[in-house]
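Peer 1: Okay, so the sequence shown: first residue is 235 according to this note's numbering, each after it adds one.
A single structure is presented below for examination.
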Amino acid sequence: MVAEIHGKDQIMRYYSRPDVAEEYQQLRGGSLFRQIRTTIHAEKIDELLAGQKVKKLLEVGVGTARISRKLRNFKGAWGIDTSVAMLNEARKVLDARWKLKKCDAFHLPFEDNEFDAIVSTRFTWHFNKKERAKLFEELQRVMRPGAIIITDALNAEVERYGFKKTGINGNVFAVKYTPETAEAEFRSYGFSDVRVFPAMYFFGVIKAFSERGRGTYLKSAFRILSKLPLGKPYDYIIAAKKTS
Ligand SMILES: C[S@@+](CC[C@H](N)C(=O)[O-])C[C@H]1O[C@@H](n2cnc3c(N)ncnc32)[C@H](O)[C@@H]1O
Numbered sequence: 235m236v237a238e239i240h241g242k243d244q245i246m247r248y249y250s251r252p253d254v255a256e257e258y259q260q261l262r263g264g265s266l267f268r269q270i271r272t273t274i275h276a277e278k279i280d281e282l283l284a285g286q287k288v289k290k291l292l293e294v295g296v297g298t299a300r301i302s303r304k305l306r307n308f309k310g311a312w313g314i315d316t317s318v319a320m321l322n323e324a325r326k327v328l329d330a331r332w333k334l335k336k337c338d339a340f341h342l343p344f345e346d347n348e349f350d351a352i353v354s355t356r357f358t359w360h361f362n363k364k365e366r367a368k369l370f371e372e373l374q375r376v377m378r379p380g381a382i383i384i385t386d387a388l389n390a391e392v393e394r395y396g397f398k399k400t401g402i403n404g405n406v407f408a409v410k411y412t413p414e415t416a417e418a419e420f421r422s423y424g425f426s427d428v429r430v431f432p433a434m435y436f437f438g439v440i441k442a443f444s445e446r447g448r449g450t451y452l453k454s455a456f457r458i459l460s461k462l463p464l465g466k467p468y469d470y471i472i473a474a475k476k477t478s
């Protein structure tokens, strides 16, 4: 399927629409399935941050703070985004450790080597190869040597599970990865210590059932199920370090 929305400018404009921001949190944070998925990602990201003693964190494309609101292992943080509507949603839920700024991830208003960690979910995959190379160059600039970057990736091998479209009511370009292509890409940007963790298993089963069911027991059962390493994972969390 050819993406209707592609290229940095179109992606920025699409997510800046107030209706998209409003629907984003409802949809991405809404159903039981989505809640489980968000929790699994946030827990893995927080675990990776814990190993890093993060004083200063940057979240790039923070959106409605779907992930950031669940993170604990850092002292202070900046969240940046180009959408005022998204930032307004984020402001409602983030604690006092967070500062938010409207700016472009490709031109960050921060000094070189400023951050101990960068988190960016559902963001970097929206850009084409050339754009991603520029984006990661800019992200590396503001990372201190040894800082960690954590992103996510859709598994290119599980297209059949229905991730043909990304975006809320549009069809936003998204690149998909295997662990090998993810690792190779991060190495090509000069990152070291690249690690690719499977995030969620049993996507199809959980999605089908969770959309019908509710309740804490079901949520717990699905969280256990989603971590059982059987079959192919639906997505990955990628962690890498800026070379010292
Ligand atoms: C798919 S949302 C992801 C939001 C959040 N990270 C999450 O995981 O739910 C992509 C976000 O990137 C923002 N965005 C798009 N282009 C951007 C750019 N060039 N610089 C900074 N943010 C951008 C959008 O406004 C939107 O909030």
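We put the beta carbon where it would ideally sit given N, CA and C, even for glycine.
Assess, as a yes-or-no matter, whether the region 278-294 is touched by the region 308-319 under the definition of 3 or more beta carbon pairs within less than 8 angstroms.
Peer 2: Contact between the region 308-319 and the region 278-294 is present, because at least three Cβ pairs lie under 8 angstroms.
Peer 1: For E391, I'd like the list of residues in its chain whose CB is within less than 8 angstroms of its CB, leaving aside the five on either flank, ordered along the chain.
Peer 2: Within the sequence shown, the letter at position 157 stands for residue 391. Correct list, in chain order: T412 and K466.
Peer 1: By Cβ distance, which residues of its chain are closer than 6 angstroms to K287, with the 5 residues on each side in sequence left out?
Peer 2: Along the sequence shown, read from residue 1 onward, the residue named residue 287 stands at position 53. Taken in chain order, the list of residues that qualify is empty.
Peer 1: Using 10 angstroms around the beta-carbon of K476, count the other beta-carbons present and answer buried if the total reaches 16, otherwise exposed.
Peer 2: One-based indexing of the sequence shown puts residue 476 at position 242. When all chains shown are included, K476 counts as buried.
Peer 1: Given that a residue counts as buried once 16 or more other Cβ atoms are within 10 Å of its Cβ, and exposed if not, what is Q260?
Peer 2: To locate residue 260, count along the sequence shown from 1; it is residue 26. Its Cβ having fewer than 16 others within 10 Å, Q260 is exposed.
Peer 1: Can you name, in chain order, every residue of its own chain whose Cβ lies under 6 angstroms from the Cβ of I471, other than the five neighbours on each side?
Peer 2: To locate residue 471, count along the sequence shown from 1; it is residue 237. Closer than 6 angstroms at the Cβ level, and outside the excluded window around I471, lie K278, D386, F431 and A433.
Peer 1: Use the C-beta contact count for L464: other C-beta atoms within 10 angstroms, 16 or more gives buried, fewer gives exposed.
Peer 2: Position 230 of the sequence shown, counted from the start, is the residue given in the question as residue 464. It counts as exposed.
Peer 1: Three-state secondary structure (DSSP) at K333?
Peer 2: For the purposes of this step, residue 333 is identified with residue 99 of the sequence shown, where counting begins at 1. Strand, per DSSP.
Peer 1: Is Y249 near ligand 1, in the sense that its beta carbon is under 8 angstroms from a heavy atom of that ligand?
Peer 2: As a position in the sequence shown, residue 249 is number 15, starting the count at 1. At least one heavy atom of ligand 1 is nearer than 8 angstroms to the Cβ of Y249, so yes.
Peer 1: For E348, does the three-state DSSP call read helix, strand or coil?
Peer 2: As a working note, residue 348 is residue 114 in the sequence shown. In the structure shown, E348 sits in coil (DSSP, three-state: anything other than H, G, I, E or B).
Peer 1: Need the endpoints of the beta strand (DSSP E) that K475 sits in, please.
Peer 2: Counting from 1 along the sequence shown, the entry for residue 475 is found at position 241. Its beta strand (DSSP E) spans residues D469 to K476.
Peer 1: Would you say the beta carbon of A387 is closer than 8 angstroms to some non-hydrogen atom of ligand 1?
Peer 2: Reading the sequence shown from its first residue, position 153 is the one you call residue 387. Outside the cutoff, so no.
Peer 1: Look at the Cβ atom of D280, then the Cβ atom of R306, and state whether they are nearer than 9 angstroms.
Peer 2: Against the sequence shown, residue 280 aligns to sequence position 46. Against the sequence shown, residue 306 aligns to sequence position 72. Taking 9 angstroms as the Cβ cut-off, D280 and R306 qualify as a contacting pair.
Peer 1: Compute the Euclidean distance between the alpha carbons of D469 and N389, then round it to the nearest angstrom.
Peer 2: The count along the sequence shown starts at 1 and reaches residue 469 at position 235. The count along the sequence shown starts at 1 and reaches residue 389 at position 155. Distance between the alpha carbons of D469 and N389 is about 5 angstroms.
Peer 1: List the residues that DSSP assigns as beta-bridge partners of A387.
Peer 2: Residue numbering aside, residue 387 sits at position 153 when the sequence shown is read from its first letter. In the DSSP output, where bridge partners are listed per residue, A387 has Y470.
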